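Only one structure is covered here, and it is reproduced in the block below.
Number of protein chains: 2
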Amino acid sequence: MAIKHVLLVGGTHGNELTGVYLIKQFEQFPEIVRRSSFKTSTLLANPQAFQLGKRYVDADLNRQFRPQDLADPTLSSYEAQRAKAIYQQFGPKGAQPVDLTIDLHSSTANMGLTIILASSVIFNLMLAARLVSVNPDIKILYSDLSIDDNPYLDSISKFGCKIEVGAVAQGVLDAALFQQSAALVYAALDYVESYNQELSSNQSNFDQQRGTDSLLVYHRVGIIDYPRDEQGEIQAMIHPRLQFQDYQPLQPGDPMFLTFAGETIAYQGDSTVYPVFINEAAYYEKGIAMCLTEKRLLNF
Amino acid sequence: MAIKHVLLVGGTHGNELTGVYLIKQFEQFPEIVRRSSFKTSTLLANPQAFQLGKRYVDADLNRQFRPQDLADPTLSSYEAQRAKAIYQQFGPKGAQPVDLTIDLHSSTANMGLTIILASSVIFNLMLAARLVSVNPDIKILYSDLSIDDNPYLDSISKFGCKIEVGAVAQGVLDAALFQQSAALVYAALDYVESYNQELSSNQSNFDQQRGTDSLLVYHRVGIIDYPRDEQGEIQAMIHPRLQFQDYQPLQPGDPMFLTFAGETIAYQGDSTVYPVFINEAAYYEKGIAMCLTEKRLLNF
Numbered sequence: 000m001a002i003k004h005v006l007l008v009g010g011t012h013g014n015e016l017t018g019v020y021l022i023k024q025f026e027q028f029p030e031i032v033r034r035s036s037f038k039t040s041t042l043l044a045n046p047q048a049f050q051l052g053k054r055y056v057d058a059d060l061n062r063q064f065r066p067q068d069l070a071d072p073t074l075s076s077y078e079a080q081r082a083k084a085i086y087q088q089f090g091p092k093g094a095q096p097v098d099l100t101i102d103l104h105s106s107t108a109n110m111g112l113t114i115i116l117a118s119s120v121i122f123n124l125m126l127a128a129r130l131v132s133v134n135p136d137i138k139i140l141y142s143d144l145s146i147d148d149n150p151y152l153d154s155i156s157k158f159g160c161k162i163e164v165g166a167v168a169q170g171v172l173d174a175a176l177f178q179q180s181a182a183l184v185y186a187a188l189d190y191v192e193s194y195n196q197e198l199s200s201n202q203s204n205f206d207q208q209r210g211t212d213s214l215l216v217y218h219r220v221g222i223i224d225y226p227r228d229e230q231g232e233i234q235a236m237i238h239p240r241l242q243f244q245d246y247q248p249l250q251p252g253d254p255m256f257l258t259f260a261g262e263t264i265a266y267q268g269d270s271t272v273y274p275v276f277i278n279e280a281a282y283y284e285k286g287i288a289m290c291l292t293e294k295r296l297l298n299f
Numbered sequence: 000m001a002i003k004h005v006l007l008v009g010g011t012h013g014n015e016l017t018g019v020y021l022i023k024q025f026e027q028f029p030e031i032v033r034r035s036s037f038k039t040s041t042l043l044a045n046p047q048a049f050q051l052g053k054r055y056v057d058a059d060l061n062r063q064f065r066p067q068d069l070a071d072p073t074l075s076s077y078e079a080q081r082a083k084a085i086y087q088q089f090g091p092k093g094a095q096p097v098d099l100t101i102d103l104h105s106s107t108a109n110m111g112l113t114i115i116l117a118s119s120v121i122f123n124l125m126l127a128a129r130l131v132s133v134n135p136d137i138k139i140l141y142s143d144l145s146i147d148d149n150p151y152l153d154s155i156s157k158f159g160c161k162i163e164v165g166a167v168a169q170g171v172l173d174a175a176l177f178q179q180s181a182a183l184v185y186a187a188l189d190y191v192e193s194y195n196q197e198l199s200s201n202q203s204n205f206d207q208q209r210g211t212d213s214l215l216v217y218h219r220v221g222i223i224d225y226p227r228d229e230q231g232e233i234q235a236m237i238h239p240r241l242q243f244q245d246y247q248p249l250q251p252g253d254p255m256f257l258t259f260a261g262e263t264i265a266y267q268g269d270s271t272v273y274p275v276f277i278n279e280a281a282y283y284e285k286g287i288a289m290c291l292t293e294k295r296l297l298n299f
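Structural data, given as structure tokens:
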């Protein structure tokens, strides 16, 4: 089935300026995201949070897309309302349903150029594999949490991913990451275009034509919080040797935190992991100092 | 005259976590900032902004220390009230007047380790010169704006400075910058200790004993805003070649901004300058893309 409508989203978090200004650029120069075989729409998802220079007004918009919440008329926070409006416009029963959603984020962690997949439907894997073939520095972060734990905006369509770039401070527009994110979006749109054209010329199911492929993914296996006291106050910092070391191997016994008393706390696991989202500013309040991943090869 | 009371301040901006957690550490382990010849006090200046994870609640606390504002009972924003309370406690006519204030800040710009002097009284220059002799990587940023344009917290005492470290995102605690800031504070306290002891052993004015000294300072000469449209919306980003190049020479004709249409805007001045606070997140709303400085040698 051809992809007929692609939605590019920025500003789901209002202080992640890369996505916000990419969307503004795409709206100013729509020809750069226009392709012949599908429609491209753009969305500044949380305009009020952007105006306030905040991640969100009342609650994290990127956690508002549980089906039961979207159907609940009593939820009235600004972001719950935004989620319902977005779903009513672009969701499967919406006015302009989309087939693929690409949601543009940034992180204070050293995420480089990351594609986050919350669903392993084949098209998502094919898209990710193509993007890695275009730029081998791209990392694929995969999480198989259920939608209840992963109620992300990109779940409104059958296919979707998040682009997560960093390190960049909240409220800062970094031109290099802006350009790299733009290049990733263009490569994704080009892939959709070639996918549609291949499908059209074969008059058959693309999935049945393609060979097997494989994709190296960093599979989320858990989270680690900061050491805290009874009041929830953090008692340690990310160890300086771990700071900015996202996607690098962390071995049992390696330094993980440094307490304010000057003591090192080591990683206590029993196998090598690859931490990501190390010291993400927005995750202090979520109780996440880093996410742990394992490297896995997905064959599809 | 001996220094009898030193005030260490953090969290003047609630989302600059280096200073916040240094103050918490000093309060947990007071012996590390205790010296024999003077009293050391600590202050978490804007606790409500810290709780909210914001720079400020109503207004920038570090712009609330104009004498006329401190004397104005009608000013009632949270930060105006905080400023008056701080001044009443630690100001010259306060309950516990301080002689020297060191205010700990951080920046999303690549400020490295910077001492900001808003007053060139000799003691400030001697302190700065000592800190540079301990760590030659330290930069001295000097501004001779009047108190009306510089109503900073460290103006409550005769002597004072700000310590500005970066690059670090708002809401992020970076262990390396935390340790470097701590070392700077210890060196400053050690200098005050040696100053007091010298004064005491000479039974005379320290200023009259000392030889001449000189200090390389980056003297603030102006600011540059982002190119904006009529609505105030930014139309360009810091050029990728300028990002993180704080304190590096910027020549006439060098790239300064990159517009969303892809055009480079060059620096139009007629002499070499040294930009600082390049792409500071908190300065977008102040209309400052960077501050321009000139290198000058201060003899004193």
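Protein chains in written order, with numbering that gives the first Met the number 0: chain A, 0 to 299; chain B, 0 to 299.
Glycine included, each C-beta is placed from N, C-alpha and C at the ideal position.
Treat the numbers as computed from the prediction; the structure is a model and nothing was measured.
(request) Run down chain A in chain order and give the residues with a C-beta less than 8 angstroms from the C-beta of Ala174 of chain B. (result) On the second sequence, residue 174 of chain B is found 175 positions in, with the first residue counted as 1. Near Ala174 of chain B (Cβ distances below 8 angstroms), the residues of chain A are Met236, Ile237, His238, Pro239, Gln242, Leu257.
(request) Examine the Cβ distances between the segment 30-38 of chain B and the segment 79-93 of chain B and report whether three or more of them are shorter than 8 angstroms. (result) no
(message) Which of the three DSSP states is assigned to Glu197 of chain B in this structure?
(response) Position 198 of the second sequence holds residue 197 of chain B. Residue state, collapsed to three classes: helix.
(request) Spell out whether any CB of chain B is found under 8 angstroms from the CB atom of Phe49 of chain A. (result) Counted from its first residue, the first sequence places residue 49 of chain A at position 50. Cβ-Cβ to chain B under 8 angstroms: no for Phe49 of chain A.
(request) List the whole-angstrom C-beta distance separating Thr11 of chain B from Asn61 of chain B, where the pair is believed to meet the contact cut-off of C-beta under 8 angstroms. (result) Counted from its first residue, the second sequence places residue 11 of chain B at position 12. Counted from its first residue, the second sequence places residue 61 of chain B at position 62. Going by Cβ atoms, the distance from Thr11 of chain B to Asn61 of chain B rounds to 5 angstroms, so yes, they are a contact pair.
(request) Specify, as a first and last residue, the run of the beta strand (DSSP E) that Arg295 of chain A falls within. (result) Taking the first sequence and counting its residues from 1, the one referred to as residue 295 of chain A is at position 296. 289-298 is the extent of the beta strand (DSSP E) around Arg295 of chain A.
(message) Do Ala174 of chain A and Ile237 of chain B have their beta-carbon atoms positioned less than 8 angstroms apart in this structure?
(response) Taking the first residue of the second sequence as position 1, residue 237 of chain B is located at position 238. Taking the first residue of the first sequence as position 1, residue 174 of chain A is located at position 175. Cβ atoms of Ile237 of chain B and Ala174 of chain A: closer than 8 angstroms.
(request) Using a Cβ-Cβ cut-off of 8 angstroms, state whether Asn123 of chain B counts as contacting chain A. (result) For this step, residue 123 of chain B is matched to residue 124 along the second sequence. It does not; no Cβ of chain A falls within 8 angstroms.
(message) Quick check: what's the CA-CA separation for Val275 of chain A versus Leu296 of chain A?
(response) In the first sequence, residue 275 of chain A corresponds to position 276, counting from 1. In the first sequence, residue 296 of chain A corresponds to position 297, counting from 1. So the two alpha carbons sit approximately 18 angstroms from each other.
(request) Starting from the beta carbon of Phe177 of chain A, find every residue of chain B whose beta carbon is closer than 7 angstroms, and list them in chain order. (result) Within the first sequence, residue 177 of chain A is the residue found at index 178, counting from 1. The contacting residues are Met236.
(message) Strictly by DSSP, which residues pair up with Ser213 of chain A?
(response) Locating residue 213 of chain A in the first sequence gives position 214, counting from the first residue. Ser213 of chain A pairs with A:Asn298.
(message) When you compare the CB of Gln27 of chain A with every CB in chain B, is at least one pair closer than 8 angstroms?
(response) One-based indexing of the first sequence puts residue 27 of chain A at position 28. Interface residue, yes.
(request) Could you please give me the residues that DSSP links to His218 of chain B through a beta bridge? (result) Here residue 218 of chain B is taken as the residue at index 219 of the second sequence, counted from 1. BP columns for His218 of chain B point to B:Tyr141, B:Glu293.
(message) Using only CA atoms, which one of B:Tyr273, B:Thr271, B:Thr263, B:Phe259 lies nearest to Thr17 of chain A?
(response) Position 18 of the first sequence, counted from the first residue, corresponds to residue 17 of chain A. Answer by Cα proximity: B:Phe259.
(request) Check the Cβ-Cβ distances between Gly170 of chain B and every residue of chain A, and say whether any is below 8 angstroms. (result) Position 171 of the second sequence, counted from the first residue, corresponds to residue 170 of chain B. Yes, because at least one Cβ of chain A sits closer than 8 angstroms to the Cβ of Gly170 of chain B.
(message) Just to confirm the assignment, what range does the alpha helix (DSSP H) spanning Ile277 of chain B have?
(response) Counting from one through the second sequence, the residue named residue 277 of chain B turns up at place 278. Neither: Ile277 of chain B is in no alpha helix (DSSP H) and is coded neither H nor E.
(request) Please decide whether Thr107 of chain B counts as near chain A, where near means a Cβ-Cβ distance under 8 angstroms. (result) Taking the first residue of the second sequence as 1, we reach residue 107 of chain B at position 108. At least one chain A Cβ lies under 8 angstroms of Thr107 of chain B.
(request) Starting from the beta carbon of Gln247 of chain B, find every residue of chain A whose beta carbon is closer than 7 angstroms, and list them in chain order. (result) If you number the second sequence from 1, residue 247 of chain B lands on position 248. The premise fails here: Gln247 of chain B is roughly 16 angstroms from chain A at the closest Cβ pair, so nothing lies under 7 angstroms.
(request) Please confirm if Asn278 of chain B has its CB atom under 8 angstroms from at least one CB of chain A. (result) Position 279 of the second sequence, counting from 1, holds the residue named residue 278 of chain B. Chain A contact via Cβ: present.
(request) Pick helix, strand or coil for Tyr246 of chain A, following the three-state DSSP scheme. (result) Numbered from 1 along the first sequence, position 247 holds the residue referred to as residue 246 of chain A. Coil, per DSSP.
(request) Would you grab the beta carbon distance between Ser156 of chain A and Leu21 of chain A for me? Rounded to a whole angstrom, and I think it's under 8 angstroms. (result) As a first step, residue 156 of chain A must be located in the first sequence, where it is residue number 157. As a first step, residue 21 of chain A must be located in the first sequence, where it is residue number 22. Not a contact, Cβ separation roughly 19 angstroms.
(message) Going by DSSP, what residue range makes up the beta strand (DSSP E) through Ser40 of chain A?
(response) Numbered from 1 along the first sequence, position 41 holds the residue referred to as residue 40 of chain A. That run of the beta strand (DSSP E) goes 38-43.
(request) Spell out the partners DSSP gives Pro254 of chain B in its beta bridges. (result) Mapped onto the second sequence, residue 254 of chain B falls at position 255. Note: Pro254 of chain B sits in a beta bridge opposite B:Ala265.
(request) For Pro226 of chain B, I'd like the list of residues in its chain whose CB is within less than 8 angstroms of its CB, leaving aside the five on either flank, ordered along the chain. (result) On the second sequence, position 227 is the one that residue 226 of chain B refers to. Same-chain partners within the cutoff: Ile233, Gln234, Ala235, Phe256, Thr258, Ile264.
(request) Grab the span of the alpha helix (DSSP H) containing Ala127 of chain A for me, first residue to last. (result) Position 128 of the first sequence, counting from 1, holds the residue named residue 127 of chain A. Taken as a continuous stretch (DSSP letters only), the alpha helix (DSSP H) holding Ala127 of chain A covers 121-133.
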